[in-house]
Structures are given as C-alpha cells and as structure tokens.
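Protein chains in written order, with our numbering: chain A, 344 to 775; chain B, 344 to 775. Glycine residues also receive a C-beta, built at the ideal position from the N, C-alpha and C atoms. As the structure is a computational prediction, the values presented were derived from the model and not from experiment. All remarks here apply to the structure that follows.
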C-alpha cells in the first residue's frame, strides 16, 4: 500500500510571535528574547508536535526600536545551540545571498547539518532593504534582477561546494591516508558574481546537501524556487490565491524538469485556536486591542489611499473602491479587499489581521474547524503543508500543538511520531 | 589583601590534537571529528580543569586531504552548540577580518555572547593563504600591510557596533516602548575599507564587547594586539624568546596607553605528562613513531637547507651551521637551533617536536616538573598563562587537567573553582 500523502508543518519562530503587538501581551516572554533557552523550548514544543522544522527569517538592520519586532540572536548560531536541545525536528535558517559569500554559507550550513545530524535547511533570500545594504558595505541594495542573478549563481556554488566531498572521501585509515584526495575535488568556479576554488573545508554532511527553501513571490523568485527549492514558503490569504500560486509554481517546477510532488509548498498560516469560536476570536481581539491605534490607522491609510483616521474602530470596515480603481501597490490592497470580503471584520480586527503576518492565511476557530480549513487547503490544491506563524509565543504554538495537531493526526493527515531522521526525509524529498 | 596574580589557561582545540600524527594514534578519536559531542566533551574536560577558555583556530581552505589536520566544523556554529554543554568556560573563536564583513562578525560574536551568557572571545586574524582567498572571491591574498590596515578598521567597526546599543536600551515596557531609540544609535562608519551604518541588530550582550584575542607576530600584528587585544596568543620555544616577546608586547601595550597587566599573554604550550619523565618521553616517542618519515625528512631538509635524507633517525641531530650563516627564513631555523640546543633530540624526536605545534614551547615530564616549568615561565616574565596545545586529544588534555592542574592549584597559581561568570572576568580584564 502506498503511503498516504502527509501534511507538512513548519514553525516560523519570530520574537514574541507574529502579531505586531504580541510583545505587549502579558503572556509574551519579551524578557527572554536574548535567552537561547526560550527558542530551545519553542523548538521542543514544535518537536513534541512532530513538526517537520522550525524556521528563522532574518534581517540585517534595525528598523524601529521603539516598536519592537527586532532581531535578536543570529540564526546560524542560535540553531546550532537549538540542535542540541532537540533530536528530530528540522532547523531552517535564512541566509542572504546578497550579504554572504557562498563559501561561508555552504560551510556554516554544512556545519549545522553535522551538528544536528542531518536536520539543516536553508531559506535562500536576496534581502531587500537599503538599510541592510548599508551594514555590509553597499550604499544601496543592488537592483532586483541583479540580486536574483547573484542568488542563482550563489546557490549553484553552494551546491557544488557541498558536492565537492564524496560521501566516502574520508578513509581515516590510521596506517594510510586520512581522506582520498581524488574524492575531495576543487570546483574552480569562475562566474559573473563569484570566484570560488573549493573544495569545501567541511566533509560531506549527513544530508549531503542541506535542504533548500525559497520564498520568492516575483517571477525570478518563483523560477529560482522551481529550479532548486525543496520547500517553498508562500503567501496567500485565501484558498483561491493559494491555488493560483500552487498551480503556477508546480508548473514551473515541472518546467524545470523536476518532480513537482517532491517539492513542498507551504503557505504561511496564522491561527487562533479556542475551545469555542468565540474564545478563538477573543484571543485575537485581546492582541488586536494592544495595537497602537494611531500608528496602525496611519499605515492603513497609506495602504488604502483613504483617510482612515475618522473610521469607527469597532464598526465594520467601510466599503473600499475595487482593485481596478486602485492606483497604489496592488498586492497589499488586493489582500485587504480579500480580508474584508472573507471576514467582514471591524476596523480594529482588520488592523489586527494585518498586524499578524500581513497577508498570510488566518484561521480562527476550534481545533476541529481549523483542521477542517487545513484539510480544505491541503486537499484542495492550495498547500502541501503550512508554515505556522503563531501570533503569540509560546501560547499560540502550544495551542496548535496540543489541540490542532491531535485532530490532524486522528484524521491520518499528519505523522504521530517521527519515522525519519533527516529534514529531507521528513519532507519526503529524494536524497541528494 | 590583594589577590595573588593567577595563571590563565586556554585549551586550543584542533582535530585529533596538535601532533601531526595524532590521528594515526590508536587513542585518537579521528572517527568523531564531525561529531559535536566530541568537542563538547573536550570543553567539559577543560572546564573540569577550570580553564579560562577553549579556543578554535580557523582556516578557509583544504590543504592536504591525505595527511589529515583538516578543518571540520565551522567554529561559530560549533561553539554555539558547545556553549550549551558547558557553564563557565570561555569560548574563543577565530574570525578572519579579511573574509567576513565586520557586521557579520560583530553580530555572530554578540549572538554567541548571549547564547553563552558572556563567554565569547574573538581571535582576530587576517588569514594568509591564497587558497583561502580563492574561496572568497579574491585571486590572491591582499598584501600583509593591506590586510592589517583592514583588520584595524574591522576591529574598530566591530567595537562601535557592539557599543551601538546602550546596556539599558531595552525598556520592554508593555504599555510603552520596546527599546529607547535614543539608546540604539547608528555608527555611520565610512572608512577606507568599510561602509557600515549600524546599529547592530543584536542588543548589547552580557560582556558588552566579546573579549578580543590576537596572535600576530609581525610588527603590525603586535601593534594591533597592543591597541585592542585583551588576550595574546604567542609563540616561543624557550623562556628567553618568551621573555623577549613578552617585554616587547607589554611595552607596546603601555605605549598604546593601556594597562599592560590587564592583557594576558599566553604562549602556546605542548605537554607530555607522565608519572615518570621516561613515561612522558615514551608518550612523545609513540606519537613521533607514527610520523610518515620521508615526508617529515623532506620538510626538515627544506627548513635547514641540508640534505637530511641520510641522517640516522635514532641518532642525535648532527651539528648545524649557526643562524648567522643561514640564508633561508630565520624564524623557523632559529627555533630548530633552539630545540637542538635545549633538548639534544634524536632526529626522530626533532621531527616529532616540529610536528607538534612547530615552534611552541614543549614540556615533557612529570606533573611536578611541568608545574615547575610553568611556574618558571610565569614568574620569570615569559607568560601570564598558556594556550595549551595537547599533542593528542582527549588523552593529553585529560593528563594535564587531572595531573598538572591539581599541582598548580596546590601551589596557589591557579583557581580551584570558577569565581567569575564571564570570560572577561576570568581573565581579570576590566569591564567594557
């Protein structure tokens, strides 16, 4: 009997949670953001829920110290420590192809793969902010095309470096040779962006190649994902957008000559779990009420090209002009229209939804109703799994692990224990 | 009563040990070189011995796979894991100022400092091999002066980034601000080598500034050390060379307007400990016997400008011309002359001494005789401590910790337990 297709789950770790006001909540652990044990405990919770992986985004600048949501520990160092506090869960780190050299990236990821016994993953990003560029020697970010051209070559070099050690290169023959020089080969890469001789100075790691993730939404991002990613982080507020993205990216994967089923597409997912729907909404409302209103309204005015300052906070959002009449950035406005159409939120609830993961799918309800929604996306061609973005840590993650995961397991959608050892195996990706 | 001046001890971790043939020894753990638990256990052994720190050197290329002595795990990731397996011992990593950006270096070190609760140290190196340059986009290494000019600016930027967060910047006031923007300040650095706006995206770490180490032997290296290092790794085969170096570098530290007593000078130290002098020599001879003879003799011929291929391996080294008549590189030849004069070794023993740490001090004997030698260097103005380079791991470290450390403790030269929490405090350096 062929194994039934299984759902995949990542926990996206971020500060006190993905809601912009999470740190203000009495249950947030904001005092522990530089404490590695905080992140270890979150990873252990996700591991208790048999998640495929935990995932760190990353950035290279400080934006608004007063408002929170800053970076704290650097992900490669943090995940190396967390590797020793966990046993099976994957450890995915974001590494920027614009600010690292491919040798550093390949080496540190291979090292993390050794330290974790084959659980390392790499979310390739090109970074975006000029403030980040100005921390790494550039006056501004290179243009989008340039960044993606560099990213594509960066990934090729990293893959070549990981392949520069044959799996059986180490002989460790005390009376003979340490490693077979014929199995540790330079790569002599000379490209548009990089000069890298190799070989890597880390022997081949348990996964051979740490698992590649990509989250690009642009044409070039999707093509890079199609060509090399084994996991894809997506953004979709509703099932229809998810299906459109899913179809498009799977088509591109097939177009790149790869097995589309072997690539896991995971939209971001914000969940509020309650024993009743009302309790779930109350959890969201509690966080939404902590948002600094003036600032959020000003941002909404910017997003909608409306003066929202006179809007009644606890009344439904007034009608907005259709997308076709909107002259600003389309993506965000489209998401706002979809949120309004799907949820009919109050102004404050809309601000809260935007403040928790922005345009990502938001499911609010009982464990059963959320499992229903997940199943609908999973079987409806919208997702192979989800990148869970708990609005507040640790509570929203604990809720999901203790309440939703058992329902998914009962339905046969999700593993009840780890049956595999490496992240690539968890994702059912072919060995590399 | 003023505290009596205390000795400082680092354990220099390197593969199977510092003897070139260590991996060939039956007691080596060569099969575990990619196993993080191996390094954790070594750090725990050093911590049992109350060492100030463990230390990783680093390199960015693979030289001779057949001969061993390769790099395995990347130090920043490895030490982050090791931080969680230890409680008090310092964790010093080498980071190259030629291949990193100062933002990456400052950030990862600050992260390690958080993860370890204030135990991070940074050995600043400029790297040296063209093979390393060709892994990071350069056809060859920049010239020595250029590298040191970059290193000096690199350190200044890193220090400024660490200082970009005031210690009390984080308010974490749930009803107010997250961090006080006035206490998280950009650095707006525009120098010859770097453009870095800052601030760092990691809040001020427990030590404020991770502890700086330097090992430069050149003029520029000594000056950089004098200006900013809190610990200095030195190379001296005998006490006289150690005293010369010690005097020179302490003079430079005072010249830079700093307190010379607050900077710990630690020559490398290779030890063979036995319950008798004979047993200690037998331990060395066992390792020396594992050296591939032809290769070592060829190297010795190169170092001495002699044809050594006809020398009797187990006879004393024949007389060599004085330094004044030698036309090759002086430093290495001078060391060879000193080894011959001090130890009257056989040819094989000379090869072994050169194969274990090269020109570093080598002490062979009982715990008491080695403690005597250490005391002589320590009280004789040659060292404030030592960077221990065990010829073979774990045995030579275990011997030192279990046999020599108790003698040093009994003599009141070394701590019997950790009385301080951070690496800077262990080193009795002033807070930064």
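Through-space distance from residue j to residue i, alpha-carbon basis
i, j, result
"residue 406 of chain A", "residue 544 of chain B", "9 Å"
"residue 590 of chain B", "residue 560 of chain B", "13 Å"
"residue 424 of chain B", "residue 420 of chain A", "8 Å"
"residue 675 of chain A", "residue 447 of chain B", "32 Å"
"residue 510 of chain A", "residue 432 of chain B", "35 Å"
"residue 381 of chain A", "residue 372 of chain A", "8 Å"
"residue 550 of chain B", "residue 774 of chain B", "7 Å"
"residue 437 of chain B", "residue 422 of chain B", "11 Å"
"residue 475 of chain B", "residue 500 of chain A", "16 Å"
"residue 744 of chain A", "residue 391 of chain A", "7 Å"
"residue 530 of chain A", "residue 721 of chain A", "41 Å"
"residue 707 of chain A", "residue 548 of chain A", "41 Å"
"residue 351 of chain A", "residue 699 of chain B", "51 Å"
"residue 412 of chain B", "residue 614 of chain A", "51 Å"
"residue 402 of chain A", "residue 703 of chain B", "43 Å"
"residue 451 of chain A", "residue 663 of chain B", "46 Å"
"residue 487 of chain A", "residue 410 of chain B", "45 Å"
"residue 639 of chain A", "residue 453 of chain A", "42 Å"
"residue 750 of chain A", "residue 616 of chain A", "12 Å"
"residue 383 of chain A", "residue 650 of chain B", "59 Å"
"residue 540 of chain B", "residue 733 of chain A", "32 Å"
"residue 569 of chain A", "residue 562 of chain A", "10 Å"
"residue 480 of chain B", "residue 668 of chain B", "41 Å"
"residue 659 of chain A", "residue 680 of chain A", "13 Å"
Own chain partners of residue i with C-beta closer than 7 Å, once the 5 adjacent residues on each side are dropped
i, result
"residue 633 of chain B", "364, 367, 368"
"residue 388 of chain B", "737, 740, 741, 744"
"residue 345 of chain A", "A caution first: residue 345 of chain A carries a pLDDT of 46, below 50, which makes its placement in the model unreliable, though a value can still be read off. Correct list: empty, nothing qualifies."
"residue 631 of chain A", "691, 692, 694, 695"
"residue 449 of chain A", "501, 504, 505, 543"
"residue 522 of chain B", "512, 513, 514"
"residue 483 of chain B", "473, 476"
Other residues of its chain near residue i: CB distance less than 6 Å, five sequence neighbours each side excluded
i, result
"residue 527 of chain A", "508, 512, 542"
"residue 441 of chain A", "469, 470, 490"
"residue 772 of chain A", "573, 605"
"residue 730 of chain B", "353, 355, 576, 609, 611"
"residue 457 of chain B", "548"
"residue 497 of chain A", "440, 445"
Neighbour list for residue i in chain B, Cβ cutoff strictly below 7 Å
i, result
"residue 377 of chain A", "457, 546"
"residue 527 of chain A", "405, 408"
"residue 524 of chain A", "408, 409"
"residue 687 of chain A", "The contacting residues do not exist; residue 687 of chain A stays about 30 Å from chain B at best."
Proximal chain B residues relative to residue i, where beta-carbon distance stays under 8 Å
i, result
"residue 466 of chain A", "None at all; the shortest Cβ gap to chain B is about 17 Å."
"residue 322 of chain A", "An answer regarding residue 322 of chain A cannot be provided, because it is not within the stretch 344 to 775 covered by chain A."
"residue 451 of chain A", "417, 419, 420"
"residue 424 of chain A", "423, 424, 426, 427, 458"
"residue 413 of chain A", "521, 522, 544, 546"
Environment of residue i [buried if 16+ CB atoms lie within 10 Å]
i, result
"residue 673 of chain A", "exposed"
"residue 605 of chain A", "exposed"
"residue 444 of chain B", "buried"
"residue 641 of chain B", "exposed"
"residue 753 of chain B", "exposed"
"residue 395 of chain B", "buried"
"residue 516 of chain B", "exposed"
"residue 618 of chain A", "exposed"
Amino acids of chain B, ordered along the chain, whose beta-carbon sits closer than 9 Å to that of residue i
i, result
"residue 474 of chain A", "540"
Contact set between residue i and chain A, taken where Cβ atoms lie within less than 7 Å
i, result
"residue 385 of chain B", "Simply none; closest approach about 15 Å."
Beta-carbon neighbours of residue i, restricted to chain A and to distances below 9 Å
i, result
"residue 388 of chain B", "Going along chain A, no residue has its Cβ under 9 Å from residue 388 of chain B, so there is no contact; the nearest lies around 18 Å."
"residue 517 of chain B", "366, 367, 368, 369, 371, 373, 633"
"residue 505 of chain B", "By Cβ distance, chain A contributes nothing, its closest Cβ being about 14 Å from residue 505 of chain B, past 9 Å."
Contacts around residue i, its chain only, beta-carbon distance under 8 Å, and the 5 residues preceding and following it disregarded
i, result
"residue 760 of chain A", "393"
"residue 565 of chain A", "559, 591, 592, 595"
"residue 385 of chain A", "354, 356, 397, 736, 737, 740"
Interface partners of residue i on chain A, CB under 8 Å
i, result
"residue 480 of chain B", "444, 537, 538, 539"
"residue 714 of chain B", "The contacting residues do not exist; residue 714 of chain B stays about 33 Å from chain A at best."
"residue 402 of chain B", "544"
Would you list, in chain order, the members of the region 658-682 of chain A that have their beta-carbon closer than 7 Å to a beta-carbon of chain B? none
Relative to chain B, which residues along the region 352-367 of chain A have a C-beta separation below 7 Å, given in chain order? 366, 367
Could you list the residues in the region 628-652 of chain A with a C-beta less than 7 Å from some C-beta on chain B, going in chain order? none
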